[in-house]
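J.: Shown below is the structure under consideration.
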Amino acid sequence: MNRYSRPRRVLRTLGFGRNPMRRRLDRVDALLRVVTALLAIGLVTTAGDLAATRYRTAVDHRADQLRHRHEVTVVLLADTVSTSNGSSAPVHRQRSPVRARWTQPDGTVRTGDVYSRHPGVKGDRVAVWFDETGTPVPALITVGDLRAQAWTMALAATGFGGLVLFAVYTSAQAVLDHRRYAAWAAEWAAVSPRWRHRI
Numbered sequence: 465m466n467r468y469s470r471p472r473r474v475l476r477t478l479g480f481g482r483n484p485m486r487r488r489l490d491r492v493d494a495l496l497r498v499v500t501a502l503l504a505i506g507l508v509t510t511a512g513d514l515a516a517t518r519y520r521t522a523v524d525h526r527a528d529q530l531r532h533r534h535e536v537t538v539v540l541l542a543d544t545v546s547t548s549n550g551s552s553a554p555v556h557r558q559r560s561p562v563r564a565r566w567t568q569p570d571g572t573v574r575t576g577d578v579y580s581r582h583p584g585v586k587g588d589r590v591a592v593w594f595d596e597t598g599t600p601v602p603a604l605i606t607v608g609d610l611r612a613q614a615w616t617m618a619l620a621a622t623g624f625g626g627l628v629l630f631a632v633y634t635s636a637q638a639v640l641d642h643r644r645y646a647a648w649a650a651e652w653a654a655v656s657p658r659w660r661h662r663i
């Protein structure tokens, strides 16, 4: 087999062969498809790289925060759930402060308001985050949540970029089709008189 036959076959498949029936607009159309495919691949790759960079930056930031915060198990002195309108169904107070007692790493027992991520009742033991000064702070975002955010960012960027690329491709395709139809009409207008005389 000729070593040049495969590249030529690929070029013919893509629309870049030397077929005399293939017009210049057909070659432009083929080039448009190839460029669009390459841009789509580049879009997916770029979105993945951006999401990975964002994820690594967020993980590094979380690790830096983790060096200045620590998790302590506290004992709730009040319920984090309540009832309303006479209903017996509990209503969770998201990130609302609740009274609790805990022991600092140095052995000091403290009482104060903390932020519990999960509902609980008086006497429950829950994990709460504190900063270097012993002040209760919101819990750190989990690595799983950071990973989910990165995936969401990648999918959103790919989807938006894909829509823009599709809109540009279809617009360019419409222009090419319009010019192709106009060329066909002009060619038919030039040859139709000869066909009529023959008929």
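Sequential numbering from 465 applies to the sequence shown in my numbering. C-beta atoms are modelled at their ideal positions from N, C-alpha and C, and glycine is treated no differently.
Hey, out of Ile505, Leu514, Leu489, His532, whose CA is closest to Glu596's CA?
T.: His532
J.: Give the DSSP bridge partners of Leu540, in chain order.
T.: Ala564
J.: Is the CB-CB distance between Val590 and Leu540 below 8 Å?
T.: yes
J.: Considering just the uninterrupted stretch of the alpha helix (DSSP H) at Ala501, what are its terminal residues?
T.: 488 to 530
J.: Would you report the Cα separation of Ser546 and Arg563, rounded to the nearest angstrom?
T.: Note that Ser546 scores 47 on pLDDT, short of 50, meaning its location in the model is unreliable; the coordinates nonetheless yield the value given after this. Going from the Cα of Ser546 to the Cα of Arg563 covers about 14 Å.
J.: To the nearest angstrom, report how far apart Leu514 and Ala618 are at their CA atoms.
T.: 7 Å
J.: Of the choices Arg644, Ala504, Ile605, Ala654, whose alpha-carbon is the least far from that of Arg487?
T.: Minimum Cα distance to Arg487 is reached at Arg644.
J.: Would you call Phe594 buried or exposed, if buried means 16 or more other Cβ atoms sit within 10 Å of its Cβ?
T.: With 16 or more other Cβ atoms within 10 Å, it is buried.
J.: With hydrogens ignored, establish whether the beta-carbon of Val590 is closer than 7 Å to any heavy atom of the ligand PLP.
T.: What this structure holds is no ligand at all, so the ligand PLP is not there to describe.
J.: Take Leu495 as the anchor and find which of Ser656, Trp652, Leu640, Val655 has the nearest alpha-carbon.
T.: Leu640
J.: Straight-line CA distance for Ile505 to Gln613?
T.: So the alpha carbons of these two residues sit roughly 22 Å apart.
J.: Helix, strand or coil: how does DSSP classify Arg589 here?
T.: strand
J.: Identify, in the order they occur along the chain, each residue of the same chain with its Cβ nearer than 8 Å to the Cβ of Thr567, setting aside the five sequence neighbours on each side.
T.: Answer for Thr567: Val536, Val573, Arg574, listed in chain order.
J.: Hey, would you say Ala511 sits closer than 8 Å to Ala621, going by beta carbons?
T.: yes
J.: Thinking His534 and Pro569 are a contact (beta carbons under 8 Å), I'd like their distance in whole angstroms, please.
T.: 7 Å
J.: May I ask you to list the residues that DSSP assigns as paired with Thr575?
T.: Arg565
J.: How many Å lie between Ala650 and Ser656 at the Cα?
T.: 10 Å
J.: Thr599 to Tyr633, Cα distance in whole Å?
T.: Taking C-alpha positions only, Thr599 is separated from Tyr633 by approximately 56 Å.
J.: Specify the secondary structure class of His534 as computed by DSSP and reduced to three states.
T.: strand
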